[in-house]
Amino acid sequence: MKKNSIALGVLSFACLYSTASAANQARFNPDISLTLDGRYGSYSNVSDYELPGFMLGGEASRGEQGFHLGHTELSLSSNIDDMFFGKFTTAIAEHEGDTEVEVEEAYIETLTLGNGITAKAGRFYSDIGYLNNQHNHSWDFTDEPLIYRALFGNQLVDDGLQLSWLVPIEAYFKVGIEAMRGARFPAGGAANDGKGAYTVFAKFGGDVGLSHAWQLGFSHWRADIEGRASGTHAHDGGAAEVPTYSGESSVNGVDFVWKWSPKGNNREQNLKIQAEYFERDEDGVVELIGSNPLESTTYQGQQSGWYLQTVYQFIPRWRVGYRYDQLDSNNQGSESEILSEAGLDNEGLKPERSTLMLDYSHSEYSRVRLQLSKDDSYEDSDNLVFLQYIVTLGAHGAHRF
Amino acid sequence: MKNITRFFTTVFLLLLTSPLMASINVFSCEPEWTSLLDELGGERINSYSATTAYQDPHHIEARPSLIAKIRRASLVVCSGAELETGWLPILLRQSANSNIMPGKPGYFEAASVVERLDIPISSDRSLGDVHESGNPHVHLDPRRIQIIAQALSKRLSDIDPQGADYYKQRFNDFTQRWQQAMKQWQVQAQKLKDLRIVVHHRDWVYLFDWLGIEIAGALEPKPGLPATPGHLSMLTKTLTAKPAKIIVHTPYQNPRAAKRLSQLTNTPVVELPYTIGGTDQVKDLFDLFTVTIEKLNGALK
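Protein chains in written order, with the working numbering: chain A, 7 to 407; chain B, 107 to 407.
Right, dumping it as structure tokens:
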């Protein structure tokens, strides 16, 4: 109930704000943007979702059945003064009947440090990978790649500080580091007095002629983890025991994007090919919190996965896309039964999924999408259908690469 | 011998001075501003255009190559009036270049120094992609180019005070040639006055304002939205009652809808250059207006 009233408060604040901006001159008011996301989901398998070989957490799930809302996002952003830019995004979503309000992003970013240096502080999407720092509403598929679901609980977001430097050479070359709290999945426990996670990333990019553009990125994430609970893996006959991991974790990734449009005019036709690969090494202990006596095992994990997707806009407004996902894992430990209960036994499976999508964008502000997946990410093969709309009210979105 | 010495001295001096002179990197969002900058800044600037005549300036992505370019710019020159709203703000933020943020001398919006047309009475997205600050395609009126040139020349002097005399001299030279050209264009365009023309998008408002041409309709049902069969048949009805002489579009707009309407109404279609590079002959702003008027006149024959 309390959460509901917060949601109402946020919304009515936004309404008041936009009324005010219409009446007065809008110049000094922040850009306000509201994203509505509605879905219809269908799948045949109703058993608990899992990805064999991975301890799931964060928002990892297969999606809901029937008519439902995705995340409703309200975002305010503006230059604060000549030094800082600020952005706040809240997501309102329903989980098991409760309306939850979540602070997705709340950060400030410098505008005028100069020399290609930017500092960012607060809660933000990490710059690792290609998709991670984009809002999921601007993704080309309804759901996340399996490797994002498996490693990051959909998306890596954390509280911390980022420093990035655009190297002053002819080509695009950006490097950055992030120091994070590490309290949220896939870290946990906010180790080292709340400085538990770090990232390093580098991005290169450029054009080839007028019609092609590309970007290549490398990223690294590491964390000291104190008690990362795996929330979504239910124990048979009740969720009394919570598999929890403590130890070291490091992720390495490489991402690549290639875009084509005739003479660089993406209005009529364009093609995007994108692929990302991540691998994770973990070394520590898994405990089943709630078991009596406490059951635990050593755990050395090696997990990896990749996806390749291509999206083609064949005529204005219409796009078709295909994505292939695959995961792999090799986890060892002293007690294989406990590993298995924690979801770390891959059951001899390499989870995979094939996805087709078709979407129609009437304008830059609206999109309707149909998506079909053949999901072999766990032992019961499944066919998923999603029908989705995503619309944006308010400020014009940014055309990110 | 004396000549040879003088020759080598000159070459040496040129080598010494030219890299120093070309010290101002200017990033312009559209090629028309690159052309104007070359007129006004000459050898003291390095100009770069983020887009070509074959790209819709509304729909550009903040590509890595653009971020790399804008990071090293001392001056950014764009149309403004929200034309680049989807990509310029994010480029500026990603550039981490403190010289070119809005409000700084290194940030110049051409539309902000001239009177704008098409300022909407109400801003509602159901009206399509309307720009709150008015129509941004200001470069298609030579009178406005003159005003922009004056402001831009002054801005170059602000950024590079050592070149102030040079910029002033180039501005005077440009003004003289431009005024001369405008007189010629006006003579050449006399037959175009009061003509009714169908446009693809309202890119041409300023050109038509200058030449006294009337917009007979737009192929886009709403700004930014592609033509639909229903809209074209409505347009056909309007044009049957009150015919238009020409249908125009830019190089970056798909000619399909224009051709369809041409079949329906027996009206000729002309692809106008719109900006520098829009046809092979258009190498600068002077060519742009010369070729545009030639092409419109040609369609009347």
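In this text, a Cβ means the ideal position worked out from N, Cα and C, and glycines have one as well.
These figures come from a predicted structure and were not determined experimentally.
Between residue i and residue j, what straight-line distance do the alpha-carbon atoms span, to the nearest angstrom?
| i | j | result |
| --- | --- | --- |
| Leu-262/B | Val-244/B | 20 Å |
| Arg-373/A | His-337/B | 22 Å |
| Val-388/B | Thr-95/A | 46 Å |
| Leu-317/B | Lys-299/B | 6 Å |
| Phe-395/B | Tyr-380/B | 9 Å |
| Ala-240/A | Asp-54/A | Since pLDDT at Ala-240/A reaches only 47, below the 50 mark, its modelled position is unreliable, and the value read off the structure follows with that caveat. About 7 Å. |
| Leu-14/A | Asn-35/A | Confidence in Leu-14/A is poor, its pLDDT being 45 and thus under 50, which makes the residue's placement too unreliable to answer from. |
| Lys-201/A | Gly-188/A | 6 Å |
| His-101/A | Gly-63/A | 14 Å |
| Asp-6/A | Arg-375/A | Because chain A here runs from 7 to 407, residue 6/A falls outside it and cannot be looked at. |
| Gln-359/B | Asp-162/B | 8 Å |
| Gln-282/B | Glu-221/B | 23 Å |
| Tyr-313/A | His-141/A | 18 Å |
| Gly-330/B | Leu-142/B | 27 Å |
| Glu-341/A | Gln-275/A | 55 Å |
| Ala-324/B | Leu-137/A | 38 Å |
| Ser-67/A | Ala-333/B | 41 Å |
| Gly-211/A | Asp-133/A | 15 Å |
| Leu-390/A | Val-52/A | 12 Å |
| Leu-391/B | Thr-398/B | 11 Å |
| Ser-387/A | Arg-359/A | 9 Å |
| Asp-266/B | Ala-257/B | 14 Å |
| Gln-252/B | Ser-84/A | 34 Å |
| Ser-310/A | Leu-350/A | 13 Å |
| Asp-104/A | Thr-41/A | 20 Å |
| Gln-31/A | Lys-93/A | Confidence in Gln-31/A is poor, its pLDDT being 41 and thus under 50, which makes the residue's placement too unreliable to answer from. |
Does residue i pass the burial test, meaning 16 or more other C-beta atoms within 10 Å, or should it be called exposed?
| i | result |
| --- | --- |
| Met-4/A | Residue 4/A is absent from the model: chain A starts at 7 and stops at 407. |
| Ala-28/A | Here the model assigns Ala-28/A a pLDDT of 35, short of 50, so the residue's position is not dependable and the matter cannot be decided. |
| Pro-170/B | buried |
| Ala-177/A | exposed |
| His-165/B | buried |
| Pro-249/A | buried |
| Pro-299/A | exposed |
| Leu-233/B | exposed |
| Asn-241/B | buried |
| Gly-403/A | buried |
| Asn-121/A | exposed |
| Leu-406/B | exposed |
| Met-340/B | exposed |
| Asp-393/B | buried |
| Asn-272/A | buried |
| Thr-346/B | exposed |
I think residue i touches residue j, with their Cβ atoms under 8 Å apart; what is that distance to the nearest whole Å?
| i | j | result |
| --- | --- | --- |
| Phe-320/A | Thr-148/A | Going by Cβ atoms, the distance from Phe-320/A to Thr-148/A rounds to 20 Å, so no, they are not a contact pair. |
| His-405/A | Gly-192/B | 4 Å |
| Phe-407/A | Glu-167/B | 5 Å |
| Ala-350/B | Ile-319/B | With 8 Å as the limit, Ala-350/B and Ile-319/B do not qualify as a contact, their Cβ atoms being about 10 Å apart. |
So is residue i in contact with chain B if we call contact Cβ pairs under 8 Å?
| i | result |
| --- | --- |
| Asp-334/A | no |
| Ser-236/A | no |
| Asp-213/A | yes |
| Thr-148/A | no |
| Ser-132/A | no |
| Phe-407/A | yes |
| Arg-359/A | no |
| Leu-42/A | no |
| Ser-144/A | no |
| Thr-118/A | yes |
| Asn-337/A | no |
| Asn-30/A | Note that Asn-30/A scores a pLDDT of 36, beneath 50, so its modelled location is shaky; the value from the coordinates is reported in the next line. No, Asn-30/A does not count as interfacial toward chain B. |
| Leu-14/A | Below a pLDDT of 50, predicted positions are generally treated as unreliable, and Leu-14/A, at 45, falls in that range; the measurement from the model is reported next regardless. No, its Cβ sits nowhere closer than 8 Å to a Cβ of chain B. |
| Ile-123/A | yes |
| Gly-270/A | yes |
Does any C-beta atom of chain E lie closer than 8 Å to the C-beta of residue i?
| i | result |
| --- | --- |
| Gln-221/A | No chain E appears in this structure, whose protein chains are A and B. |
Can you confirm whether residue i, when its beta carbon is compared against all beta carbons of chain A, has any partner nearer than 8 Å?
| i | result |
| --- | --- |
| Tyr-358/B | yes |
| Asp-264/B | no |
| Gly-186/B | no |
| Ile-196/B | yes |
| Ser-218/B | no |
| Gly-330/B | yes |
Legend entry - Sufficient close CB pairs (3 or more, under 8 Å) joining the segment 128-140 of chain B to the segment 65-76 of chain A: no
Legend entry - the segment 220-227 of chain A touching the segment 261-271 of chain A, judged by at least three CB pairs closer than 8 Å: In the pairwise beta carbon analysis, the segment 220-227 of chain A is classified as touching the segment 261-271 of chain A: at least three pairs are separated by under 8 Å.
Legend entry - At least three beta-carbon pairs within less than 8 Å, the segment 116-129 of chain A to the segment 83-91 of chain A: yes
Inset, instruction - Could you say if the segment 337-356 of chain A and the segment 154-170 of chain A meet the contact criterion of at least three C-beta pairs nearer than 8 Å? - result: no
Inset, instruction - Take every Cβ of the segment 290-298 of chain B, pair it with every Cβ of the segment 267-282 of chain B, and state whether three or more of those distances are shorter than 8 Å. - result: Taking a cut-off of 8 Å for Cβ pairs, the segment 290-298 of chain B and the segment 267-282 of chain B do not touch, as fewer than three such pairs fall below it.
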